[in-house]
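Below is one structure, written out as structure tokens; the observations come after it.
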Amino acid sequence: VSRYQDPAVAAFSVSLWNERLSLAVAAEVKRRFPECLVVFGGPQIPRDGTGYLEAHPFVDVTVRGEGEPVFPVLLERSLSGRDFTGVPNVCWREPGTGETVNNPESLPLQEDLDRYPSPYLSGVFDSLLEEHPQFEFQAIIETNRGCPFGCGYCFWGKGERFVRIRTHALERVKDELTWCARKKIKYLFNADANYGMYDRDYEIAQHLVALKREHGYPEKFRACYTKNAESKIFQLGSLLCENQLEKGITLSFQSLNPEALKNVNRHNINLEVYRSLMAKFNSRNIPVYTELILGLPGETYSSWLSGISQVVRSRLNGQLFIYLCEVYPNTELSDPGFRESKALHTVRTSLTEIHGSVRDADGIGEEIEIIVGSYSMSLGDWKRMVAASWTTLLLLSMKLGNFVLEYLDARLGLDPALLIEEIGRAHV
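Using our numbering, read the sequence shown as starting at 78 and increasing by one per residue.
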């Protein structure tokens, strides 16, 4: 904050990994510069920002949904005052009375995503890279926006009308990837919800391969793959892995309990498709990763162990990741009616970031809300499920006992969950 002198506007895009830090910075901005307009947007902002503004009096405006079309309107209106009546998608604080107002107006989704300038191609990041050669940078690439699947725990399909998918022009995507390669960006994360859904995704992968061969960059390209498009996923995964752009392919289940899946409107990858893909990838020695979410309403202790057994017995040639079920704003899990109907019991705890370095103990830590109980799962059950999950990760994902589990299953028909349960039981 000390680098700035009398700023007119301070804007923050908040997600679960930076919200508390952003709030602390915003509070200091308002303390030093009382006239500065403080604007908050991002997935942590609720559709009705009234409560958010009341909880954080140093925030002047919240923006729900996509911020690109709204933010310029806010900037233009702020030139003549702080009255934001009629500005769509915002909640604001009247400067005279301090009353919070949630504007009901909403902008239609912008169909042409290329109207939004690319921060890469427009040169926004050029000086950042030039001034800090000591750092290795990563980049996020968005080729399309939206998700047709309405999973109740996920913001992608349950956010501010993101269900319809819109795409960036293929040439723009290629130009952004070329910029990243020329700037020697090692790691690219693809922000699409369903990479592989479109035929053009293979052309994007081919462009990545050509860039790596020419420039040596990017070294890795990480994507979230679509469901049930068997031939497309296999072609994409094979191309990227064989050119060392991917470490493995993610085919996620989240749960194998039909009741839990129904409760959160999750439709899994078809088991036959999964087995077929697993066999194909195994034949090429390409790792396959899968994920489970612990704590979805409808999950029970026995169904959780059963799901772990199915994953172990699938001969997973990669890793299993198990995540505690987190509750995000603007999702079905966060809806008060849904919480009540499923008897959700949640707690707030420190955020543990598995893809980043450990934060300094004296820094500003972030928090998450996790489900530790529901109509189908007591707190005691949840604790036993956590212990079993830690044991599974130790034996299977960290490879301490994966061959033992496979041997006992293949030779003796021993359910892997029995051994996992016994080891986990000792730690509860």
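C-beta atoms are modelled at their ideal positions from N, C-alpha and C, and glycine is treated no differently.
Residue i burial status per 10 Å Cβ neighbour count (16 or more: buried)
| i | result |
| --- | --- |
| E96 | buried |
| P374 | buried |
| R502 | exposed |
| K419 | buried |
| V404 | buried |
| M454 | buried |
| E323 | buried |
| R330 | Reading off the sequence shown, one finds Phe at residue 330, where the question assumed Arg. With 16 or more Cβ atoms within 10 Å of its Cβ, F330 is classed as buried. |
| I363 | buried |
| S451 | buried |
| N347 | exposed |
| R170 | buried |
| K289 | buried |
| L205 | exposed |
| Y41 | Since the first residue of the chain shown is 78 and the last is 505, residue 41 is not available in this structure. |
| A258 | buried |
| L456 | exposed |
| R42 | The first residue shown for the chain is 78 and the last is 505, placing residue 42 beyond what the model contains. |
| L421 | buried |
| A85 | exposed |
| L489 | exposed |
| D458 | buried |
| V435 | exposed |
| V91 | buried |
| R343 | buried |
DSSP beta-bridge partners of residue i
| i | result |
| --- | --- |
| E446 | R425 |
| Y272 | Y302 |
| C168 | T139 and N179 |
| L371 | L401 |
| Y484 | Answer is none; Y484 lacks a bridge partner. |
| A88 | V116 |
| Q331 | L369 |
| T469 | According to DSSP, which records beta bridges pairwise, T469 is partnered with nothing at all. |
| R390 | In DSSP, R390 forms no bridge with anything. |
| I218 | N267 |
| M475 | Its beta-bridge partners do not exist; DSSP assigns none. |
| R243 | R222 |
| I326 | V365 |
| S455 | Partner(s): none; S455 has no beta bridge. |
| K297 | Y264 |
Inter-residue CB distance, residue i and residue j (contact presumed, cutoff 8 Å)
| i | j | result |
| --- | --- | --- |
| A268 | E219 | 4 Å |
| S332 | E291 | Actually they are not in contact, since the Cβ atoms of S332 and E291 sit about 43 Å apart, beyond 8 Å. |
| P123 | P406 | 5 Å |
| L354 | I310 | 6 Å |
| V147 | P165 | 7 Å |
| V140 | G118 | 4 Å |
| C228 | V341 | 6 Å |
| I448 | G384 | 16 Å between Cβ atoms; not a contact. |
| L190 | R241 | The Cβ separation is near 12 Å, so there is no contact. |
| G273 | A306 | 6 Å |
| V138 | V106 | Actually they do not touch by this definition, with Cβ atoms about 14 Å apart. |
| Q312 | Y275 | Q312 to Y275, Cβ: 13 Å. No contact. |
| N509 | N359 | Residue 509 falls outside the range modelled here, since the chain spans only 78 to 505, and no answer is possible. |
| L317 | A282 | 6 Å |
| R506 | S315 | The structure shown has nothing for residue 506, since the chain only spans 78 to 505. |
| E498 | L382 | 6 Å |
| A87 | A103 | 6 Å |
Can you find at least 3 beta carbon pairs, one from the region 350-368 and one from the region 391-406, that sit closer than 8 Å? yes
Inter-stretch contact (C-beta, 8 Å, three-pair minimum) for the region 473-481 and the region 435-447: no
Using 8 Å as the Cβ pair cut-off and three pairs as the minimum, do the region 222-236 and the region 144-156 touch? no
Any chance the region 488-495 sits against the region 376-391, with 3 or more Cβ pairs inside 8 Å? yes
Just list the beta strand (DSSP E) runs in the region 97-136, keeping only unbroken ones of 3 residues or longer that don't cross its boundaries, in chain order. 114-118
Contact between the region 334-341 and the region 298-316 (3+ Cβ pairs under 8 Å): no
Closer than 8 Å is the cut-off here; do at least three beta carbon pairs connect the region 121-129 with the region 175-182? yes
State whether the region 187-205 contacts the region 159-175, with contact taken as three or more CB pairs (one from each stretch) at a distance under 8 Å. no
Does the contact criterion of 3 or more C-beta pairs under 8 Å hold for the region 107-118 versus the region 462-473? no
Tell me whether the region 248-265 and the region 203-217 touch, counting them as touching only if at least three CB pairs, one residue from each stretch, are closer than 8 Å. yes
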